[in-house]
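Chains as they are written, first to last, in this note's numbering: chain A, 686 to 958; chain B, 57 to 324.
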Ligand SMILES: Nc1ncnc2c1ncn2[C@@H]1O[C@H](COP(=O)(O)OP(=O)(O)O)[C@@H](O)[C@H]1O
Ligand SMILES: [Mg+2]
C-alpha cells in the first residue's frame, strides 16, 4: 500500500469528490455545447441550438400546450402506456419465468417459444399491432407488452434456475416441502435477480414505447419528438429527448431502490448504486 | 437424546450394502461399492478416505438426498425414507439462506414444521446461546466470517433435534485457526449432548481428535476398508487439539490411519 501510490482512477472517491466529478462532467459538456454553438462557433443553431434556446423551448412547453396537450399530459400519456404494458407483462412473465426456472417440463414447453420471440425486435410488431388494434393506445400497450415480457420471462427463469442447489438440499434436510422450498427459499433468494429482471424489462419497455410513439401515436414524448423534427424545432426535439433520457434513468434508480427495500440483505446493495 | 450409550442390537443408523453408480456422459462412475456401516446411538463416527473416494456420495445417500443404486439406509431398524429433519446435514459450503438473518436461518426447520412462535423463539435463543452466536442473531450470513457462518449452520441443523447429525467436511473451507476453534467446539458439543454424528473429513488429525470410531474408505469405488475404535477415555479427550496431537497414543493412531489412507492413494 505505502510503496505504490494508487492511480486517481482507481482510488474510490469520497461523497463530495464524487459529486464534484459528476457536476464537473456535466458543466464541461454544457460548456462545450455552449462554446460550439455560440455565434461563429462552428455549429449552426439550425442543427444544434445553444443551451439557452433549448431551455427556452422547455419553458415554452411547460407553459403552453404543444400538439394539443401540455408537456405534463404528454409525459402522462407515455407513462400510462409504459406502465400498463410493463405491469401486464410482469403479471404473465414473472410467474411464467419462475415456473420455467423451477419445473423442467415448463421450461421445455415454453422456452423454445421465447427463444424464437427474443430475436424479433419489438418494433417489428408495430405493423401487426396497427393492423390488429389500429393507431391507438392499445396498439402501443401491446408493443410495450411484447418488449417487456421477453426480459421478464428470461430473467425470472434464469434467477430461479441458477439458485444454488445446495440451498434446496439444506431446506429438504430441514424438513421443508416443495411449496415451502419454492416460496421460502427459491423465490426469496432469487429476489434481487428478479427485480433486476424487472428493471431490464422496464428499460426495454420504455425505449420501445418511445419508438412506438414515433409510428403510432397522437400524444406522448416520442410523438413530440417526431413532430418537432418535421417542423425543425430542434429545441423541442432535444427537450423531448432529454426527458426520455431522464425518465429512463429515473426508472433504473427507482428499481435499484426497490431492491434495497425488498432485499436489504442483498450483497449487490453494498456496492455502488 | 439419552446420555447413556445404547449397545443394543439395532444401530441408530444402519448403512446396508450401499452401492452407487452415476451415469455420466463419459460412462458409468462407480462411486460406492457395497458399503456397510452401523452407527450406534451417541456415537461419533468419522469417515476418512482419499479425495474422490465417495465420502460425500455416502453422506448424501445417508441424508436421503441421493438414492442408492443398491442397498438401503435404516434408522432405528426402519427404512429411513426421504430427506428430513431426522437426519440433518452440515455442508462444507455452509448453505445458509442468504435472505434470512442468523436467527431466521436457525428457525427455518422449526418454522416449516409449524412449531409455534413462542416455542420457536425459545429454542432459537437457546441454540444461539449454546453456539455462542447471540450477538449475531440479526446479522445476515454475508456479514459473518466463514467460521461464524458454519456455527450458524450447525445451530440450524441441531435446533430441530435430529436423530443423527451428518457433517461433510464442515471445516474444510475454514482457515487453520478458525478450524481449530470449531473442532474443539464440536468436541465439546458431542461430549455435552452426546449427539449421534457421522462426520466426514480428509484430516486424520481431526478424525482421531473427534471420533469414537474412525472408518477408512478405499479409493474409488469406495468401500469400507477398516474401522478403528478410538478409546472413549483416551487421555487427550480433555486437551485442546494442539496438545492432544502431541500425545503418544494420538500420534500412534494417526500414523496407523495415515498408513491405511496412503496405500489407498498409491493404489489409485
Ligand atoms: N452427481 C454426480 N454425477 C456424477 N458423478 C458424481 C456425482 N457425484 C459424485 N460423483 C463422482 O463420484 C465420485 C465420488 O465423489 P464424492 O462422493 O464427492 O467423493 P469425496 O467426497 O470422497 O471426495 C467422484 O469420482 C465424483 O466425480
Ligand atoms: Mg466430498
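Built from N, CA and C at the ideal position, the CB exists for glycine as well. In this text, all values refer to a predicted model and were calculated from it rather than measured experimentally.
Nearest candidate by alpha-carbon position, reference residue i, set the options
| i | options | result |
| --- | --- | --- |
| residue 231 (chain B) | B:184, B:201 and B:220 | B:201 |
| residue 67 (chain B) | B:271, B:301, B:203 and B:133 | B:133 |
| residue 756 (chain A) | A:925, A:931 and A:935 | A:925 |
| residue 105 (chain B) | B:277, B:140, B:216 and B:304 | B:277 |
| residue 282 (chain B) | B:315, B:152, B:187 and B:147 | B:315 |
| residue 892 (chain A) | A:720, A:762 and A:807 | A:807 |
| residue 237 (chain B) | B:187, B:194, B:248 and B:213 | B:187 |
| residue 951 (chain A) | B:251, B:155 and B:85 | B:155 |
| residue 135 (chain B) | B:117, B:149 and B:146 | B:117 |
| residue 325 (chain B) | B:82, B:275, B:182 and B:286 | Residue coverage of chain B in this structure runs from 57 to 324, which leaves residue 325 (chain B) outside it and unanswerable. |
| residue 819 (chain A) | A:897, A:944 and A:721 | A:897 |
| residue 146 (chain B) | B:240, B:214, B:235 and B:319 | B:214 |
| residue 885 (chain A) | A:760, A:743 and A:779 | A:779 |
| residue 852 (chain A) | B:148, B:254 and B:98 | B:148 |
| residue 786 (chain A) | A:878, A:899, A:941 and A:912 | A:878 |
| residue 170 (chain B) | B:189, B:184 and B:216 | B:216 |
| residue 173 (chain B) | B:185, B:184 and B:160 | B:160 |
| residue 867 (chain A) | A:776, A:830, A:943 and A:784 | A:784 |
| residue 777 (chain A) | A:830, A:716 and A:899 | A:830 |
Spatial distance of residue i from residue j (CA atoms)
| i | j | result |
| --- | --- | --- |
| residue 956 (chain A) | residue 124 (chain B) | Interpretation of residue 956 (chain A) is limited by its pLDDT of 43, a score under 50 that renders its predicted location unreliable; no figure is taken from the coordinates. |
| residue 887 (chain A) | residue 905 (chain A) | 17 Å |
| residue 828 (chain A) | residue 736 (chain A) | 34 Å |
| residue 946 (chain A) | residue 204 (chain B) | 26 Å |
| residue 306 (chain B) | residue 300 (chain B) | 7 Å |
| residue 706 (chain A) | residue 713 (chain A) | 10 Å |
| residue 838 (chain A) | residue 799 (chain A) | 8 Å |
| residue 728 (chain A) | residue 908 (chain A) | 26 Å |
| residue 873 (chain A) | residue 771 (chain A) | 22 Å |
| residue 902 (chain A) | residue 836 (chain A) | 25 Å |
| residue 801 (chain A) | residue 751 (chain A) | 41 Å |
| residue 196 (chain B) | residue 918 (chain A) | 55 Å |
| residue 805 (chain A) | residue 932 (chain A) | 25 Å |
| residue 929 (chain A) | residue 769 (chain A) | 17 Å |
| residue 229 (chain B) | residue 711 (chain A) | 48 Å |
| residue 847 (chain A) | residue 150 (chain B) | 18 Å |
| residue 293 (chain B) | residue 791 (chain A) | 55 Å |
| residue 58 (chain B) | residue 842 (chain A) | For residue 58 (chain B), the predicted structure reports a pLDDT of 40, less than 50, and the residue's modelled location is therefore unreliable. A value from the coordinates is still provided. Computed Cα separation, rounded: 47 Å. |
| residue 250 (chain B) | residue 939 (chain A) | 53 Å |
| residue 180 (chain B) | residue 253 (chain B) | 21 Å |
| residue 190 (chain B) | residue 211 (chain B) | 11 Å |
| residue 922 (chain A) | residue 833 (chain A) | 26 Å |
| residue 759 (chain A) | residue 708 (chain A) | 29 Å |
| residue 257 (chain B) | residue 810 (chain A) | 59 Å |
| residue 698 (chain A) | residue 83 (chain B) | 55 Å |
| residue 796 (chain A) | residue 865 (chain A) | 25 Å |
| residue 793 (chain A) | residue 108 (chain B) | 34 Å |
| residue 296 (chain B) | residue 183 (chain B) | 23 Å |
| residue 73 (chain B) | residue 131 (chain B) | 15 Å |
| residue 747 (chain A) | residue 741 (chain A) | 10 Å |
| residue 234 (chain B) | residue 701 (chain A) | 40 Å |
Rounded Cβ spacing between residue i and residue j (contact assumed at less than 8 Å)
| i | j | result |
| --- | --- | --- |
| residue 264 (chain B) | residue 270 (chain B) | 7 Å |
| residue 876 (chain A) | residue 774 (chain A) | Contact doesn't hold; Cβ gap of about 19 Å is too wide. |
| residue 222 (chain B) | residue 119 (chain B) | 5 Å |
| residue 309 (chain B) | residue 284 (chain B) | 7 Å |
| residue 859 (chain A) | residue 144 (chain B) | 6 Å |
| residue 142 (chain B) | residue 219 (chain B) | 5 Å |
| residue 100 (chain B) | residue 268 (chain B) | 5 Å |
| residue 208 (chain B) | residue 260 (chain B) | No, residue 208 (chain B) and residue 260 (chain B) are not in contact; Cβ-Cβ is about 27 Å, not under 8 Å. |
| residue 738 (chain A) | residue 920 (chain A) | 5 Å |
| residue 91 (chain B) | residue 114 (chain B) | 6 Å |
| residue 861 (chain A) | residue 870 (chain A) | 7 Å |
Minimum Cβ-Cβ distance from residue i to chain D less than 8 Å
| i | result |
| --- | --- |
| residue 154 (chain B) | Here chain D cannot be found, since the structure's protein chains are A and B. |
*With 7 Å as the C-beta to C-beta threshold (strictly closer), list the residues of the region 111-137 of chain B near chain A in chain order.*
119 and 121
*Proximal residues, the region 852-885 of chain A versus chain B, C-beta separation under 8 Å*: 852, 854, 855, 856, 857, 858, 859, 860, 861, 862, 865, 869, 870, 873, 874 and 876
*Would you list, in chain order, the members of the region 157-191 of chain B that have their beta-carbon closer than 7 Å to a beta-carbon of chain A?*
164, 165, 168 and 169
*Interface residues of the region 918-950 of chain A facing chain B [CB-CB below 9 Å]*: 948, 949 and 950
*the region 76-101 of chain B: which residues have C-beta closer than 9 Å to a C-beta of chain A, in chain order?*
none
*What runs of the alpha helix (DSSP H), each 4 residues or longer, lie entirely inside the region 778-857 of chain A?*
789-802, 811-818 and 822-846
*Go through the region 108-167 of chain B residue by residue and report every complete run of the alpha helix (DSSP H) that reaches 4 residues or more, in order.*
111-119
*Quick one: which residues of the region 215-231 of chain B get their C-beta closer than 7 Å to a C-beta of chain A? List them in chain order.*
216
*Jot down the residue ranges of each uninterrupted alpha helix (DSSP H) in the region 252-296 of chain B, minimum 4 residues, whole runs only, in chain order.*
260-266
*Which parts of the region 163-244 of chain B are runs of the beta strand (DSSP E), unbroken and 3 residues or longer, counting only runs that do not cross its ends?*
220-224
*Contact list for the region 139-154 of chain B against chain A, Cβ threshold 7 Å*: 139, 140, 141, 143, 144, 145, 147, 149, 151, 153 and 154
*Members of the region 191-210 of chain B near chain A, C-beta cut-off 9 Å*: 196, 197, 198, 199 and 209
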